[in-house]
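Colleague:
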Amino acid sequence: MNNALYWLIVITIVTLFLIALLYTKNPSSSVNLFQRENTLSQIDLYRTVVHVPDHNNIACQYKNNKQFYTCSGYCPLSETKRKKCTWLPRTIDQDMLNSKMHCQPQDDSCPTYNAFDKDKLPLTPEGIRHIPKDLLNNFTLSGQISLSYYYNYRGTELNASKLSAQWTAEMIDNLRKMARERKPIGSYSTETLYPVIDIYLDVAIKNKTTAVIGTEMPWIEAILLEYGAKSVQTIEYATIVSHVSNLKTITPQKYIDSRSLPNFELYDSIWCYSSLEHDGLGRYGDPLNPYGDMQTMVKLSCMPKPGGVLVLAMPTSHVDSLEFNLHRVYGPIRYPFIYRHFHLLKLFGRLSTNLGAYNQPILVMQNKIGCL
Ligand SMILES: *[C@@H]1O[C@H](CO)[C@@H](O)[C@H](O)[C@H]1NC(C)=O
Ligand SMILES: *[C@@H]1O[C@H](CO)[C@@H](O)[C@H](O)[C@H]1NC(C)=O
Ligand SMILES: *[C@@H]1O[C@H](CO)[C@@H](O)[C@H](O)[C@H]1NC(C)=O
Numbered sequence: 001m002n003n004a005l006y007w008l009i010v011i012t013i014v015t016l017f018l019i020a021l022l023y024t025k026n027p028s029s030s031v032n033l034f035q036r037e038n039t040l041s042q043i044d045l046y047r048t049v050v051h052v053p054d055h056n057n058i059a060c061q062y063k064n065n066k067q068f069y070t071c072s073g074y075c076p077l078s079e080t081k082r083k084k085c086t087w088l089p090r091t092i093d094q095d096m097l098n099s100k101m102h103c104q105p106q107d108d109s110c111p112t113y114n115a116f117d118k119d120k121l122p123l124t125p126e127g128i129r130h131i132p133k134d135l136l137n138n139f140t141l142s143g144q145i146s147l148s149y150y151y152n153y154r155g156t157e158l159n160a161s162k163l164s165a166q167w168t169a170e171m172i173d174n175l176r177k178m179a180r181e182r183k184p185i186g187s188y189s190t191e192t193l194y195p196v197i198d199i200y201l202d203v204a205i206k207n208k209t210t211a212v213i214g215t216e217m218p219w220i221e222a223i224l225l226e227y228g229a230k231s232v233q234t235i236e237y238a239t240i241v242s243h244v245s246n247l248k249t250i251t252p253q254k255y256i257d258s259r260s261l262p263n264f265e266l267y268d269s270i271w272c273y274s275s276l277e278h279d280g281l282g283r284y285g286d287p288l289n290p291y292g293d294m295q296t297m298v299k300l301s302c303m304p305k306p307g308g309v310l311v312l313a314m315p316t317s318h319v320d321s322l323e324f325n326l327h328r329v330y331g332p333i334r335y336p337f338i339y340r341h342f343h344l345l346k347l348f349g350r351l352s353t354n355l356g357a358y359n360q361p362i363l364v365m366q367n368k369i370g371c372l
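Going by full-length UniProt numbering, 336 is the number at position 336 of the sequence shown; the sequence numbering is gapless.
1) Please name the residue, chosen from 328, 332 and 363, that lies closest to residue 150 on a Cα-to-Cα basis.
2) Report the three-state DSSP secondary structure of residue 338 (helix, strand or coil).
3) Tell me whether residue 87 is buried or exposed, calling it buried when 16 or more other Cβ atoms sit within 10 Å of its Cβ.
4) I need the boundaries of the beta strand (DSSP E) containing residue 323, first residue and last residue.
5) Buried or exposed: residue 277, going by 16 or more other Cβ atoms within 10 Å of its Cβ?
6) What are the boundary residues of the beta strand (DSSP E) that residue 233 is part of?
7) Tell me the DSSP bridge mates of residue 361?
8) Is the separation between the beta-carbon of residue 83 and that of residue 372 shorter than 8 Å?
9) Taking 7 Å as the cut-off, is the CB of residue 135 close to at least one heavy atom of ligand 1?
10) May I ask you to verify whether the segment 246–256 touches the segment 278–294, counting CB pairs closer than 8 Å and requiring at least 3?
11) If you follow the alpha helix (DSSP H) that residue 44 is in, where does it begin and where does it stop?
12) Leaving out five residues before and five after residue 215 in sequence, what residues of the same chain have Cβ atoms less than 6 Å from its Cβ?
13) Which of the three DSSP states, helix, strand or coil, is assigned to residue 288?
14) Which residues bound the alpha helix (DSSP H) around residue 313?
15) Could you pull out every residue in the same chain whose Cβ sits closer than 8 Å to the Cβ of residue 195, ignoring the five residues on either side in sequence?
16) Pick helix, strand or coil for residue 300, following the three-state DSSP scheme.
17) Using 7 Å as the cut-off, classify the Cβ of residue 138 as near or not near the heavy atoms of ligand 1, replying yes or no.
18) How far does the alpha helix (DSSP H) with residue 254 in it extend, from its first residue to its last?
19) Cα-Cα, which of 332, 281, 269 and 331 is closest to residue 312?
20) Sorry if obvious, but does the Cβ on residue 315 come closer than 7 Å to a heavy atom of ligand 1?
21) In or out: residue 133 buried (at least 16 other Cβ within 10 Å) or exposed?
22) Would you give the residue range spanned by the alpha helix (DSSP H) that residue 95 belongs to?
23) Would you call the segment 329–346 and the segment 305–321 touching, i.e. three or more CB-CB distances under 8 Å?
24) Under the criterion of a Cβ to heavy atom distance below 7 Å, does residue 262 qualify as lining ligand 1?
Below is the structure:
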């Protein structure tokens, strides 16, 4: 055998051995991601994101180990160009840990559903007092979540007030002044919001492009402007006219259309305060949809940059409940479905402990969709 051929064979064998070694040392999931990095379909982006290594890969615990139907879907608009994300330090919340809220939920039952289609469902022109029988299992996740009935309908009134909303410079200035003085503003007590702003000022606010989802009054918008946001965009169904130059409003449909424009940009941070828990209950005239909140979270996962920040407040407790048609209270069953596409950073505020009682702690997370 000539010398060159001999060395070629030796080098090939050594190389193959090294490759084999490299692959066996990696957990299979990361090998898969690595191999498919450039060919992942957008649906797969959502399927595989749960395999991105996280600290809490234990499966969630359900009564009688039950499997149930959920429909979160995917966002068809995710950037196909993925990027390396930098993960900020995480503070594990002892309360969430104790109540087993850190876990990986079961797979989605309809991963090919376009989450933006939720906006095409019929509106709720009159309040719904009781969940239709054929949707009971959907709303309670096959009885995992306890249900009680209350009633309040605000669709008509809100619709009317929003149709003519004008955000004047004076109104925003007044709200900014309160934010400057760190006074509680908005419809809920905002004491927990100021620490969030202090800690995430540089990564989520200062000179950043931000968006606010679901607004009745522009108080978060005013706080963001006051603390140095480059721009604030409110995404709302109502046609609101803003008279402040770096505060813009857009309807969800126009937002979708804008994504095909060449200068389209994803946001650095998204802020969503107390609206998810109502999504799909019809109380505000929105379509009846048992998975409205989960689908909205999917929509929210394709609006910030990969690794971008999402600040989310909603009623959270050690025990899940559905108080129809008022709101949902998120506990160990439903909460993991909400954050499944996000990397949890820190919870501000406390969880309530009694069934039905709730606080609105603020969860800060980073978007995993689009990250390598
Ligand atoms: C309710 O759940 C069933 C499966 O149990 C599913 O087939 C159906 O599509 C769900 N309905 C809605 C509105 O999602
Ligand atoms: C704001 O951010 C942009 C990049 O998004 C950067 O070019 C600019 O220098 C920043 N301005 C300030 C005042 O930090
Ligand atoms: C809100 O107003 C719009 C325009 O008048 C109407 O098309 C829509 O059905 C209303 N929504 C509700 C929930 O009443």
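Beta carbons: idealized from backbone N, C-alpha and C, even for Gly.
Modeller: The relevant details are as follows:
1) Residue numbering aside, residue 150 sits at position 150 when the sequence shown is read from its first letter. For the residues 328, 332 and 363, the minimum Cα distance to residue 150 belongs to 328.
2) For this step, residue 338 is matched to residue 338 along the sequence shown. Three-state result, residue 338: helix.
3) As a first step, residue 87 must be located in the sequence shown, where it is residue number 87. Residue 87 is exposed by the Cβ-count criterion.
4) Residue numbering aside, residue 323 sits at position 323 when the sequence shown is read from its first letter. Run containing residue 323: 321–324, per the beta strand (DSSP E) assignment.
5) As a first step, residue 277 is located in the sequence shown; it is residue number 277 there, counting from the start. Its Cβ being crowded by 16 or more others within 10 Å, residue 277 is buried.
6) Looking up residue 233 in the sequence shown gives position 233. Taken as a continuous stretch (DSSP letters only), the beta strand (DSSP E) holding residue 233 covers 231–235.
7) For the purposes of this step, residue 361 is taken as the residue at position 361 of the sequence shown. Per DSSP, none; premise fails for residue 361.
8) Your numbering for residue 83 matches position 83 in the sequence shown. Your numbering for residue 372 matches position 372 in the sequence shown. Yes.
9) Taking the first residue of the sequence shown as position 1, residue 135 is located at position 135. Yes; taking the cut-off as 7 Å, the Cβ of residue 135 has a heavy atom of ligand 1 nearer than that.
10) no
11) Position 44 of the sequence shown, counting from 1, holds the residue named residue 44. Run containing residue 44: 42–49, per the alpha helix (DSSP H) assignment.
12) Against the sequence shown, residue 215 aligns to sequence position 215. Same-chain partners within the cutoff: 234 and 236.
13) As a working mapping, residue 288 is identified with position 288 in the sequence shown. Residue state, collapsed to three classes: coil.
14) Within the sequence shown, numbered from 1, the residue matching residue 313 stands at position 313. Looking at the DSSP string, residue 313 is not in any alpha helix (DSSP H); the run it does join, the beta strand (DSSP E), is 304–313.
15) Along the sequence shown, one-based indexing puts residue 195 at 195. The residues are 348.
16) Your numbering for residue 300 matches position 300 in the sequence shown. Of the three classes helix, strand and coil, the one that applies to residue 300 here is helix, per DSSP.
17) The sequence position of residue 138 within the sequence shown is 138, counting from 1. Within the cutoff, so yes.
18) Along the sequence shown, read from residue 1 onward, the residue named residue 254 stands at position 254. From DSSP, the alpha helix (DSSP H) with residue 254 extends over 252–258.
19) One-based indexing of the sequence shown puts residue 312 at position 312. Checking every option, the nearest Cα to that of residue 312 belongs to 269.
20) Sequence index remark: in the sequence shown, residue 315 carries index 315 (1-based). The answer is no for residue 315.
21) To locate residue 133, count along the sequence shown from 1; it is residue 133. It counts as exposed.
22) The residue given as residue 95 occupies position 95 in the sequence shown. Residue 95 -> alpha helix (DSSP H) spans 94–98.
23) yes
24) Indexing the sequence shown from 1 puts residue 262 at position 262. False, no ligand heavy atom lies under 7 Å from that Cβ.
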